[in-house]
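Mind the numbering: the sequence shown is residues 1 to 271 in the UniProt record's numbering, read in order. Quick reminder that beta carbons are idealized off the backbone N, C-alpha and C, glycines included. The block underneath contains the structure these notes are about, expressed in structure tokens.
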Amino acid sequence: MPELPEVETVRRVLEPRLLQKTVRAVHIYCGQVIAAPAPEEFAACLVGQKVEAFSRRGKFLRLCFAGGAFLTIHLRMTGCLTLEGAEAPLAGHTHIALSLDDGMQLRYVDVRRLGKLWFTPAGGKDVSGADKLGIEPFGGLTAAYLRAFGGGRRPVKALLLDQRAVAGIGNIYSDEILFSCGIRPSRPCCTLTDAEWEKLAAAIPERLEYFIEKNSISFAEYAAGGGKDYRNTPFLQVYGRGGKPCPVCGAPLARIVLGGRSSVFCPHCQK
């Protein structure tokens, strides 16, 4: 599933090519991915909208239009955005295509159709859920803030996955963050020391920035991969590596299930 680093990569790659472009037509091939409003109204509202910004909030992407309206996109597990010439053949599972005034199309592709798109008119209420997200990881995240959300005995990994606490962290990067801190995913939040909270608050932005940088990709590379060619896998220390040697101490990495999610950690390095 695309998490904050992958979603930020999409934003950085596509933003320069979308700014100041105007939507001339909307093609809907599967209305299931449109959350609001109804597909016919969705298409009518988008035509004529001029892109002024392409932003990210947690795992959500947002096309911001002149006048205040915006389009919110959540890629979920298999969604991706491509920018192609209007004459290019449609890839399988293309559900939405926005024809722009420069002859390009912004296409939403999603094999499992779990992603969603919301159009919000100027002054309208955002119903995507993005307004319920917690703090962004970059700037303002402190140990005191995390501790306030992390009271009680819930596992520290559950805190990191709670989008109401910190926006954008998922299963992959929660494992990587906790490994860098030497904290076991199953540790109850109430057992963390002041020093560990400080370490966690510093590791969250540092690890996410690291993986954003490692995921850096050109538009040509992005287009060649159909918007799905992420580059972080070689740099993952523990995620998906259960049973393999710890990159620090060499002990076998352990895999457990927390809240229905797989978690990998080093029993030796993570206390």
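| Asked | Found |
| --- | --- |
| Please classify A158: is it buried, with 16 or more other beta-carbons within 10 angstroms of its beta-carbon, or exposed? | buried |
| Taking buried to mean at least 16 other C-beta atoms within 10 Å of its own C-beta, is K132 buried or exposed? | exposed |
| Roughly how many angstroms lie between the CA atoms of L4 and K59, to the nearest whole one? | 5 Å |
| Given a cut-off of 8 Å on the beta-carbon distance, is the pair I169 and L178 in contact? | no |
| I want to know whether the stretch 85–103 touches the stretch 10–24 - three or more CB-CB distances under 8 Å. | yes |
| Could you check if D194 is buried or exposed, using at least 16 other CB atoms within 10 Å of its CB as the buried criterion? | exposed |
| Secondary structure at V111, three-state DSSP: helix, strand or coil? | coil |
| Return the Cβ separation of F219 and R76 in integer angstroms, given the expectation that the two are a contact with Cβ distance under 8 Å. | Not really, about 23 Å apart at Cβ, beyond 8 Å. |
| State yes or no: is the C-beta of C80 within less than 8 Å of the C-beta of G227? | yes |
| From the DSSP secondary-structure annotation, give me the bridge partner or partners of R255. | V264 |
| Give the straight-line distance between the Cα atoms of residue 292 and N171, rounded to the nearest whole angstrom. | The question about residue 292 has no answer here: the residues shown for the chain are numbered 1 through 271. |
| Taking the alpha helix (DSSP H) that K214 falls in, what are its first and last residues? | 194–214 |
| If you draw a straight line from the C-alpha of T120 to the C-alpha of A148, how long is it? | 32 Å |
| A35 and L117 - do their beta-carbons sit closer together than 8 Å? | yes |
| Please say whether Y230 and E176 have beta carbons closer to each other than 8 Å? | no |
| With a threshold of 6 Å on Cβ separation, who are the neighbours of F211 within its own chain once the five nearest residues in sequence on each side are excluded? | P5, N232 |
| Can you check which of these residues, A88, V109, R12, is closest to R62 by C-alpha distance? | R12 |
| In three-state DSSP terms, what is S174? | helix |
| Does R207 pass the burial test, meaning 16 or more other C-beta atoms within 10 Å, or should it be called exposed? | buried |
| Taking DSSP as the reference, what is the three-state secondary structure of L236? | coil |
| From this set, K125, P245, H95, F138, which residue's C-alpha is nearest G68's C-alpha? | K125 |
| Give me, in chain order, the residues of the same chain whose beta-carbon lies closer than 8 Å to that of G123; leave out the 5 immediate sequence neighbours on both sides. | G68 |
| So who's on the other strand from R57, going by DSSP bridges? | F60 |
| With L18 as the anchor, note down where its alpha helix (DSSP H) starts and where it stops. | 4–18 |
| Helix, strand or coil for A144, going by three-state DSSP, please let me know. | helix |
| Cutting at 6 Å between CB atoms, please list the residues of its own chain near E136, excluding the five before and the five after it. | A167 |
| Taking its Cβ as the centre, do 16 or more other Cβ atoms sit within 10 Å of G85, making it buried, or is it exposed? | exposed |
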